[in-house]
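Notes follow once the structure below has been shown.
Number of protein chains: 2
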Amino acid sequence: MKIVLDAMGGDHAPGCVIDGAARAVESRTVRADQLLVAGPGAEIRALLDAAGLTTADVLDAPEVVGMNESPTSVIRTKKRSSIVLGMRAAAEGQAQAFVSAGNTGAVVGAASLVLGRLKGIARPGIAAPMPTRSGPCVVIDVGANIYCKPVHMLQYAIMADEYSRGALGKTDPVVGLLNIGEEEGKGNPLIQEVHALLQASDVRYAGFVEGQDIMRGSVDVVVCEGFVGNVILKVAEGLATFIGEQVFGALKVHPPRPEVGAAISEAFAHLDYAEYGGAPLLGVAAPVIIGHGRSDARAVMNMLGAAQSAVTHDINRHILERLAQSSGKTVP
Amino acid sequence: MKIVLDAMGGDHAPGCVIDGAARAVESRTVRADQLLVAGPGAEIRALLDAAGLTTADVLDAPEVVGMNESPTSVIRTKKRSSIVLGMRAAAEGQAQAFVSAGNTGAVVGAASLVLGRLKGIARPGIAAPMPTRSGPCVVIDVGANIYCKPVHMLQYAIMADEYSRGALGKTDPVVGLLNIGEEEGKGNPLIQEVHALLQASDVRYAGFVEGQDIMRGSVDVVVCEGFVGNVILKVAEGLATFIGEQVFGALKVHPPRPEVGAAISEAFAHLDYAEYGGAPLLGVAAPVIIGHGRSDARAVMNMLGAAQSAVTHDINRHILERLAQSSGKTVP
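Chains as they are written, first to last, in the numbering used here: chain D, 222 to 553; chain E, 222 to 553.
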C-alpha cells in the first residue's frame, strides 16, 4: 500500500507535513516506504532524508497551490501541482489513498475530476468527525456540495455509516437528519424528501436531530447539506477558540495549581481538530483525507492514520456493497 | 408604556417569570405598573401580589400553550391563551411590547397574524445577539423564516442594523453576509443576490463572513437564512454546554482555589444566553422579545429590559424611516 502525502498542503507546509510523516512512521501508523510524498522533488527529498525517511518515495510536483486559489483554475492551470499529480498517482494505482491539508476546494475538485467518483455515487461529500460526549459524531456534508438533492443526502448517510463502522469502530451507527425541530413536518421540502428516503432505507435512522444534538453524541452520523455543514464546522471552531481564550485569559490573571491547569488543558484537548486527523472526502474512487489548513504534525500523523484505516478496512468496497443492496429499494 | 409579559411561557413558568418581573422592578428596569401579565387570572394575581407587584395588571388568559404545540393549531384553537390574547392587547394598543419565553413558533405565528407585520416588511426575522470578543453580534434570522428571498435578507440587514443602534448602543454597525468562503463568487444564487442588494444598500456592508467570524466579533450583524441561523444558535448552545461540562468535570477532579474557580465561572458567564435577555422578532408592528425556553429569572428581567429599550428607542419608527429612505434605491 502507498499513500500520497501532499507535502505542500496547509499553512505550515512543507515542514509540518514532513514532521507529521516522521511522527506517523515513529508511532508505526505507517511505514516510510508506504509514503509517496508530493512536492518540489529536490526540496522534498532533502527534507525526507533529514527526517530519516529515506525509504519514502518522492512524487516530483514543482507547482504549488495557494490556500485561496480558485479550485477550477488550479485544475486547469496547475497540472504539475502536488494536488493534481498526487491525485493522478492515486487514479492510476500508484497509490491507494491521498492525504492533504491544502486548499480544500482544489482537493475536492481534483478528486472529482482526476480520481473520479465511486460508481453509483452522485456527489462526493466531506465527512467531518466532531467531538461529542460519546466519541466522534460524523457530520456530512461540510462543504463539498452546496446544491444537495435528496439522493445525495441519502448516499451521504450510507457512506458515513460505513465510514463510522470501518474507520471509527462503531458497530451499528445511528443516523440523524439535521433539522430545526424534531417534530414531523418541520423543515423545508428537501429535508422532508430526505426524511422519507432515510425512513425507507436500511440505515439505522433516528429521525430529525437539532444542532445541539451533535455535541450530545445522541447519534453517530448527522446528515446535512454542505452549506449548513460548513457553517457548523466553522462556528464550532470559532466558539471553541473563543471559549478557550476566555478561560485561559482568566487563568492568566488567576494562575491555577499545575494539576488544575493540566486538567483544563486536557478538557480542551478533547475538542482539538487534530485529534481526528482530518475529514474524509467520501464517494470518490480512493480514500481522500482532507486536513485543516492549520494542521500541525500531530494532525498530519492522524490524517495518515485515517487514510491507512480507510484502505485497510476497504471502506469503498463496503460502500459499493451497501449501494448495490439498497439500490432497488431506495435510490430513485 | 405597558409591556405584555407572558407568564405561562418557558420551562419554569409561571414561577420564574414572576420572579424575573420582580427582579426587573427591583432593578428599576421597569415599573410594576408598566406590566400587563398574561395568564390564568386568579393564579397570576396571587403570584404577583405575593411578589409585591400589586400595581402590575393581569390579562386573564385561561388557556396554556405547550412548548411543542403546533403554532398553526395554537392560533386556531387557543384563542384565549396568554400568547394570542397578549398579542391582541399589543395589537389594540393596550400595550406597546410583548415578552415571552414560550413556544417560539406560536409567538412568531401570533405576532405575524394578530399583531401584523411592520408596513413594508416582507417577512419578520428573529435577531439573536450572540457573545463575541467585542460585545454582542446580532445573527438574523435564527428561525422565523426558512423560505428566504433576497429582499427578506436585505430587510433583515436593515432591521438588525437599527436594532444594534437603538438597543445595543452600536454607533455605526457593520453588517456581514454569512457564506462558506470570503472570496467573490462563493455561495449559492440566493447568497449572490443578497450580496448585490447589500452592496447597493445604505448599510455598512463588509461582504462575506464565515462561521468563525461571528465569535471573532469582526462584524456587528450577520445575515443568514433562518434554517442556517437556527442551526448556528443551537450548535453554539450545545458546544458551550459540552465544553462547560468538560471543564467543570475536570475541576471536580482537581478542585481549584476559590478565586480560580470564580474566574472560570465568570468566563463562562459571558457565554450565557440569559445575559442578552432574549431575541427580538423584528419586522412586526410592536417590539416582541422571544426568550429561551430555559429562561431563568435573570433572563426574564433582561427580556423586559430589551423590550423597554426597543420601545424607548422607537426602533420600529427608525426601521420605517430607513425603509422609506432606501426603498427607491434598493428594495426591488
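Glycine is no exception: its CB is placed at the ideal position from the N, C-alpha and C atoms.
Spatial distance of residue 292(D) from residue 353(D) (CA atoms): In the first sequence, counting from the first residue as 1, residue 292(D) sits at position 71. In the first sequence, counting from the first residue as 1, residue 353(D) sits at position 132. Taking the straight line from one Cα to the other gives about 32 angstroms.
Cutoff 8 angstroms: residue 521(E) Cβ touching any chain D Cβ: For this step, residue 521(E) is matched to residue 300 along the second sequence. No, because no Cβ of chain D sits closer than 8 angstroms to the Cβ of residue 521(E).
Beta-carbon separation (whole angstroms), residue 339(D) vs residue 537(D), contact threshold 8 angstroms: Translated into positions along the first sequence, residue 339(D) becomes position 118. Translated into positions along the first sequence, residue 537(D) becomes position 316. Taking a contact as a CB-CB distance under 8 angstroms, the pair residue 339(D) and residue 537(D) counts as one, their CB atoms being some 6 angstroms apart.
Residue-level contact to chain E via CB, residue 551(D), 8 angstroms cutoff: Reading the first sequence from its first residue, position 330 is the one you call residue 551(D). At residue 551(D), the pLDDT of 47 sits below 50, so the modelled position is not reliable; the number obtained from the coordinates is stated separately. Chain E contact via Cβ: absent.
Same chain, Cβ closer than 8 angstroms to residue 454(E), neighbours up to 5 away in sequence not counted: Residue 454(E) sits at position 233 when you count from the first residue of the second sequence. Excluding sequence neighbours, residue 454(E) sits near 349, 351, 360, 363, 364.
Separation of residue 462(E) from residue 482(E), as counted between CA atoms: The count along the second sequence starts at 1 and reaches residue 482(E) at position 261. The count along the second sequence starts at 1 and reaches residue 462(E) at position 241. Between residue 482(E) and residue 462(E), the C-alpha separation is close to 17 angstroms.
Can you tell me the Cβ-Cβ gap for residue 369(E) and residue 446(E), rounded? I've got them flagged as a contact below 8 angstroms. Residue 369(E) sits at position 148 when you count from the first residue of the second sequence. Residue 446(E) sits at position 225 when you count from the first residue of the second sequence. Yes, they are in contact, since the Cβ atoms of residue 369(E) and residue 446(E) sit about 4 angstroms apart, within 8 angstroms.
Hey, quick one: how far does the beta strand (DSSP E) through residue 479(D) stretch, first residue to last? In the first sequence, counting from the first residue as 1, residue 479(D) sits at position 258. Boundaries around residue 479(D) are those of the alpha helix (DSSP H), 479 to 490, since no beta strand (DSSP E) includes it.
Tell me, to the nearest whole angstrom, how far the beta carbon of residue 371(E) is from that of residue 411(E); I am working on the premise that it is less than 8 angstroms. The residue given as residue 371(E) occupies position 150 in the second sequence. The residue given as residue 411(E) occupies position 190 in the second sequence. The pair is a contact, with the Cβ atoms about 7 angstroms apart (cut-off 8 angstroms).
Taking 8 angstroms as the threshold, find out whether the region 506 to 526 of chain E comes into contact with the region 233 to 247 of chain E through three or more Cβ pairs. The region 506 to 526 of chain E vs the region 233 to 247 of chain E: in contact.
Mind checking which residues open and close the beta strand (DSSP E) that includes residue 359(D)? As a working mapping, residue 359(D) is identified with position 138 in the first sequence. 358 to 361 is the extent of the beta strand (DSSP E) around residue 359(D).
For residue 253(E), which residues in the same chain have their Cβ closer than 6 angstroms to its Cβ, ignoring the five residues on either side in sequence? Residue numbering aside, residue 253(E) sits at position 32 when the second sequence is read from its first letter. For residue 253(E), same chain residues with a beta-carbon under 6 angstroms away, outside a window of 5 residues either side, are 246, 274, 276, 277 in chain order.
Nearest to residue 530(E) by CA position, among 448(E), 237(E), 251(E), 225(E), is which residue? Mapped onto the second sequence, residue 530(E) falls at position 309. Selected option, being the one with the closest Cα: 251(E).
Nearest-angstrom beta carbon gap, residue 295(D) and residue 286(D) [assumed within contact, 8 angstroms]: Working through the first sequence from its first residue, we reach residue 286(D) at position 65. Working through the first sequence from its first residue, we reach residue 295(D) at position 74. That pair is a contact at about 5 angstroms.
Determine the direct distance from the alpha carbon of residue 471(D) to that of residue 488(D), and round the result to whole angstroms. To locate residue 488(D), count along the first sequence from 1; it is residue 267. To locate residue 471(D), count along the first sequence from 1; it is residue 250. About 16 angstroms.
Alpha helix (DSSP H) segments (min. 4 residues) lying fully within the region 510 to 536 of chain E: 518 to 533
Would you call the region 496 to 514 of chain D and the region 502 to 519 of chain E in contact, with 3 or more CB pairs under 8 angstroms? no
Residue 380(D) (DSSP reduced to helix, strand or coil): Within the first sequence, residue 380(D) is the residue found at index 159, counting from 1. Helix, per DSSP.
For the beta strand (DSSP E) containing residue 270(E), list its first residue and its last residue. Translated into positions along the second sequence, residue 270(E) becomes position 49. Unbroken run through residue 270(E) is the alpha helix (DSSP H), 262 to 271; no beta strand (DSSP E).
Quick check: the region 305 to 312 of chain E against the region 329 to 338 of chain E, are at least 3 beta-carbon pairs closer than 8 angstroms? Cβ pair count under 8 angstroms is three or more, so yes.
Contact with chain D by residue 413(E), beta-carbon distance below 8 angstroms: By 1-based counting over the second sequence, the position of residue 413(E) is 192. Answer no: the Cβ-Cβ gap between residue 413(E) and chain D never drops below 8 angstroms.
Residue 270(D) classed as buried or exposed, judged by whether at least 16 other C-beta atoms fall within 10 angstroms: Numbered from its first residue, the first sequence carries residue 270(D) at position 49. Under this definition residue 270(D) is an exposed residue.
In whole angstroms, what separates the C-alpha of residue 237(D) from that of residue 367(D)? Counted from its first residue, the first sequence places residue 237(D) at position 16. Counted from its first residue, the first sequence places residue 367(D) at position 146. One C-alpha to the other measures close to 31 angstroms.
Helix, strand or coil for residue 229(E)? Go by DSSP, reduced to three states. Counting from one through the second sequence, the residue named residue 229(E) turns up at place 8. Coil at residue 229(E), not helix or strand.
Residue range of the alpha helix (DSSP H) that residue 410(E) falls in? Numbered from its first residue, the second sequence carries residue 410(E) at position 189. Residue 410(E) -> alpha helix (DSSP H) spans 410 to 421.
Within 10 Å of its beta-carbon, does residue 554(E) have 16 or more other beta-carbons around it, so buried, or fewer, so exposed? Given that chain E is displayed from residue 222 to residue 553, the structure contains no residue 554(E) and the question cannot be resolved.
Cα-Cα separation between residue 539(D) and residue 283(E), rounded to whole angstroms: Position 318 of the first sequence holds residue 539(D). Position 62 of the second sequence holds residue 283(E). For residue 539(D) and residue 283(E), the distance between alpha carbons rounds to 58 angstroms.
By Cβ distance below 8 angstroms, which residues in the same chain neighbour residue 551(D) in space, the five residues on each side in sequence not counted? Taking the first residue of the first sequence as 1, we reach residue 551(D) at position 330. Note that residue 551(D) scores a pLDDT of 47, beneath 50, so its modelled location is shaky; the value from the coordinates is reported in the next line. Here the set comprises 375, 418, 421, 422, 423.
Does DSSP put residue 497(D) in a helix, a strand or coil? Mapped onto the first sequence, residue 497(D) falls at position 276. Three-state result, residue 497(D): helix.
Is it the case that the Cβ atoms of residue 457(E) and residue 456(D) are separated by a distance below 8 angstroms? Position 236 of the second sequence holds residue 457(E). Position 235 of the first sequence holds residue 456(D). Taking 8 angstroms as the Cβ cut-off, residue 457(E) and residue 456(D) qualify as a contacting pair.
Can you look up residue 464(E) in the DSSP assignment and give me helix, strand or coil? Against the second sequence, residue 464(E) aligns to sequence position 243. Three-state DSSP puts residue 464(E) in a helix.
Tell me which residues of the region 386 to 400 of chain D have at least one Cβ-Cβ distance to chain E shorter than 7 angstroms, keeping chain order. Contacts with chain E (Cβ-Cβ distance below 7 angstroms) from the region 386 to 400 of chain D involve 399, listed in chain order.
Looking only at DSSP bridge pairs, what is residue 368(E) linked to? Indexing the second sequence from 1 puts residue 368(E) at position 147. In the DSSP output, where bridge partners are listed per residue, residue 368(E) has none listed.
Based on Cα-Cα distance, which residue from 436(D), 413(D), 400(D), 496(D) lies nearest to residue 449(D)? As a working note, residue 449(D) is residue 228 in the first sequence. Cα-wise, what sits closest to residue 449(D) is 400(D).
One or two residues paired with residue 281(D) in a DSSP bridge: Within the first sequence, numbered from 1, the residue matching residue 281(D) stands at position 60. Answer is 260(D).
For residue 437(E), which residues in chain D fall below 7 angstroms Cβ to Cβ? For this step, residue 437(E) is matched to residue 216 along the second sequence. What residue 437(E) touches in chain D: 459.
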